[in-house]
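Under full-length UniProt numbering, the first residue of the sequence shown carries the number 1, and numbering increases by one thereafter. Note that the Cβ used here is the ideal one computed from N, Cα and C, for glycine as well. Please read all numbers here as calculations on a predicted model, not as lab measurements.
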Amino acid sequence: MRISMNVGLTAAQLRQLTQVLADRVDADSARRARAALEKQLAAGAATR
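Here you go:
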């Protein structure tokens, strides 16, 4: 997730991606992506 944010994708865009995963792939993939995003966002907030 961090590399996606480094190239300019926003947290909101990545959240949309997790919704697309839920809609078009499967709920487990979406859950894992959402967890990874939240972990990355929390780590970024902790370093500010």
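- Straight-line measurement puts the Cα of ARG15 at about 7 Å from the Cα of ARG34.
- For the region 11–43, the continuous alpha helix (DSSP H) assignments of 4+ residues that do not extend past its boundaries occur at 11–24, in sequence order.
- Distance from the CA of ALA22 to the CA of SER29, rounded to the nearest whole angstrom, comes to 7 Å.
- The criterion of a C-beta distance shorter than 9 Å is not satisfied by MET5 and ALA36.
- Per DSSP, reduced to three states, the secondary structure at MET1 is coil, with no helix or strand assignment.
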